[in-house]
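Note sheet for the following structure.
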Amino acid sequence: MADLEGIVLIATSRILEFIGIITTIFLMFKGYRTRYVFMVGGIVLFSILFSLTGLVYREYVHYIALADILITSLVLGGIVLYVMRHPERTRDFTPPDSVRCPVCRVFIVGEDELCTMRIGHHVYYFDSFDHLVKMMREVDFFLERNSLPRGEVSDVFVRTKDTGRWRRIEEVHAVEEKGVLHALEKPPVEGGELDLKELLEAFKDRLRRR
1 MADLEGIVLI ATSRILEFIG IITTIFLMFK GYRTRYVFMV GGIVLFSILF SLTGLVYREY
61 VHYIALADIL ITSLVLGGIV LYVMRHPERT RDFTPPDSVR CPVCRVFIVG EDELCTMRIG
121 HHVYYFDSFD HLVKMMREVD FFLERNSLPR GEVSDVFVRT KDTGRWRRIE EVHAVEEKGV
181 LHALEKPPVE GGELDLKELL EAFKDRLRRR
């Protein structure tokens, strides 16, 4: 029975390491910040090195495997949960080189009010919040030009003008200044704002119905 328990513990530890490796690759290719990729990779490396101590202290191999499982699962699970629940804090939104805003077709240089939107497998970068809203408002114009791919709309994030932090579009306030819309995290005046959640849902619905 003891041997069976040891085999189960060791096998579980190896499975966790495999999950950690897959998670590291996933975060790397999904554009998450390097620090989180290294954190998950570091946990996997720690798990492998820690489990190797069982080769030296064979009489404690069961305890080592159990400790490895508990530590790895708790830390790895905590990091993955945080990363998935807060993509606006953990994703790397740096645009690729020579990427253009789909509205004005100008190369994106600065990132002060950068915005992103995923449609299917395509990721769009907007040089301003105003242009992101313009595309959602004038979706028929862009559909007539066949410039929007098919697929679900997701990952709509904006960088707020007042705090410089990334937020989901539903979490910001659209405030007009001199005819230009800006995304603010803390608007100076409440009321009379554009309903961004409603606008986004209407945009998604229009793309589904084409």
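Note that this note's numbering gives residue 28 to position 28 of the sequence shown, counting from 1, and the numbers run on in steps of one.
The beta carbon of each residue, even a glycine, is placed where N, CA and C say it ideally should be.
Given the structure is predicted, the values throughout are model-derived calculations rather than measurements.
Cβ distance (whole Å) where residue i is taken to contact residue j below 8 Å
| i | j | result |
| --- | --- | --- |
| Val158 | Arg167 | 6 Å |
| Ile10 | Ala65 | 5 Å |
| Val103 | Met136 | So it is not a contact: roughly 10 Å between Cβ atoms. |
| Leu143 | Arg210 | 6 Å |
| Ala287 | Glu152 | No answer is possible for residue 287: it lies beyond the span of the chain, which begins at 1 and ends at 210. |
Exposed unless 16 or more other CB atoms sit within 10 angstroms - verdict on residue i
| i | result |
| --- | --- |
| Asp130 | buried |
| Ile43 | buried |
| Arg91 | buried |
| Asp127 | buried |
| Met84 | exposed |
| Ser47 | buried |
Cβ shell of residue i (< 7 Å), same chain only, five flanking positions each side left out
| i | result |
| --- | --- |
| Asp162 | Leu184, Glu185, Lys186 |
| Arg150 | Gly120 |
| Gly31 | Arg91, Asp92 |
| Thr160 | Arg167, Val172, Ala183, Leu184, Glu185 |
Residue from the options whose Cα sits closest to the Cα of residue i
| i | options | result |
| --- | --- | --- |
| His62 | Thr12, Gly41, Leu74 | Thr12 |
| Pro96 | Tyr82, Tyr124, Ser73 | Tyr124 |
| Leu74 | Glu17, Glu170, Lys30 | Glu17 |
| Ser51 | Leu70, Val37, Arg33, Asp140 | Leu70 |
| Thr94 | Leu114, Val106, Leu81, Cys101 | Leu114 |
| Gly120 | Ile15, Leu207, Thr24 | Leu207 |
| Pro87 | Ser154, Gly41, Glu111 | Ser154 |
| Leu200 | Glu170, Ser147, Lys178 | Glu170 |
| Met117 | Lys204, Asp68, Val8, Ile21 | Lys204 |
| Gly77 | Glu111, Arg58, Thr23 | Thr23 |
| Val156 | Phe107, Arg14, Phe141, Lys197 | Lys197 |
Contact set for residue i: own chain, Cβ-Cβ below 6 Å, skip 5 residues either direction
| i | result |
| --- | --- |
| Met39 | Ile79 |
Cβ neighbours of residue i in the same chain (closer than 8 Å, five flanking residues each side left out)
| i | result |
| --- | --- |
| Tyr36 | Leu27, Ile79, Val83, Thr90 |
Original post:
At which residue ranges does the segment 68 to 127 contain complete beta strand (DSSP E) runs of 3 or more residues, listed in the order of the chain?
Top reply: 115 to 119, 122 to 126
**OP:** Please go through the segment 13 to 77 and give each complete alpha helix (DSSP H) segment of 4 or more residues, from N-terminal end onward.
**Re:** 34 to 56
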